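Structure first, then comments.
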Amino acid sequence: MLPTPLRRVTLATLALGALVSFGAVQGLRLAFFADELDSSAGETPFLNRLTPNPEAFSAAQRAQGVAMRSALTGMRWPRIVILFGLSSAAAMVFVSAMRLRWPGGVRRMGVALLLGRAAVVTAVLRTLDGAQELVVVRASVAAYERALVERSVELANAGATMTLFSGASVVTTAVVTGLFLLASSYFRSERVLQTLELLDRDVADEDG
């Protein structure tokens with residue numbers, strides 16, 4: 165049985181790997197079919213009717229959709245490669261964490277080292293994915309604001325929306341990447357490896 169702190173970190177890492185892998189697969193689907201995106205899919209007619217100029221905001225949302233489609237199409241194959249690698253690496257983190265929690269006869273120490281390496285690769289690929297996401301976000305927000313300006317809609321805080329969404333994208337990437345790097349450092353730490361080595365030795369003694 166894993167010590168309680170190690171068990172909790174393992175389960176948290178398992179969940180993180182599953183979420184990132186699933187998100188990368190969703191991103192892959194979006195990248196593959198980027199040119200089929202409907203530019204009006206993001207429109208919110210009900211909310212737009214609450215604004216002073218519903219037609220302008222609807223047009224801005226359509227422009228945002230077009231910009232997103234254009235940005236994704238322009239980086240389609242690099243994004244597909246990165247997202248495929250990210251989904252695979254995050255899936256490896258998930259599987260390794262699962263085998264660490266429920267080893268089924270596998271040596272936990274080796275699994276922890278594999279998990280640590282997979283977490284580093286995932287962190288690198290998630291950083292690249294975040295950089296691509298930032299390009300899409302900035303293109304979308306710029307198109308949205310430009311469409312409003314072209315229709316004589318005054319923006320109270322010009323540039324604030326760009327800063328907000330860009331900042332949110334950067335912070336999300338930094339947090340997720342940081343978590344994977346922390347997990348890698350934790351599972352490859354001497355203290356954890358010694359604990360797992362003792363557990364492997366106890367299991368071997370029991371089997372013997």
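Residue numbers for the sequence shown, in the working numbering: 165 to 372. Using N, Cα and C, we set each Cβ at its ideal position, and we do this for glycine too. Keep in mind that this is a model prediction, so the values were computed, not measured.
Once the 5 residues before and after residue i are set aside, which same chain residues still bring their CB inside 7 Å of it?
i, result
"alanine 254", "Gly181, Val184, Ser185, Ala188, Thr286"
"leucine 247", "Ala188, Gly191, Leu192, Ala195, Asp293"
"serine 260", "Val275, Leu278, Leu279, Ala282"
Determine whether the beta carbon atoms of residue i and residue j lie at a separation below 8 Å.
i, j, result
"glycine 269", "serine 348", "no"
"arginine 310", "alanine 223", "no"
"serine 333", "valine 288", "no"
"methionine 239", "glutamine 190", "no"
"alanine 307", "valine 356", "no"
"glutamine 228", "serine 330", "no"
"arginine 172", "arginine 265", "no"
Take residue i and list the residues in its own chain whose beta-carbon comes closer than 8 Å to its own, dropping the five residues that flank it on each side.
i, result
"proline 167", "Thr359"
"phenylalanine 258", "Leu178, Gly181, Ala182, Ser185"
"proline 169", "none"
Consult DSSP for residue i and reduce its assignment to one of helix, strand or coil.
i, result
"arginine 355", "helix"
"arginine 193", "helix"
"tryptophan 266", "coil"
"methionine 239", "coil"
"glutamate 318", "coil"
"arginine 143", "Absent from the structure is residue 143, since the part of the chain shown begins at 165 and ends at 372."
"leucine 178", "helix"
"glycine 111", "The structure shown does not extend to residue 111, since the chain spans only 165 to 372, so no value can be given for it."
"arginine 310", "helix"
"proline 169", "helix"
"leucine 298", "helix"
"leucine 328", "helix"
"arginine 290", "helix"
Since residue i and residue j are thought to touch, with beta carbons under 8 Å apart, how far apart are those beta carbons, to the nearest angstrom?
i, j, result
"alanine 235", "valine 299", "6 Å"
"arginine 290", "threonine 237", "Contact flag wrong, Cβ pair sits at about 22 Å."
"methionine 273", "aspartate 364", "6 Å"
Excluding sequence positions up to five away, which residues of its chain have a Cβ less than 6 Å from the Cβ of residue i?
i, result
"methionine 256", "Ala282"
"phenylalanine 210", "Any reading at phenylalanine 210 must be qualified, since the residue scores a pLDDT of 46, below 50, and its modelled position is unreliable; no value is offered."
"threonine 341", "Ala287, Arg290, Thr291"
"threonine 325", "Val305"
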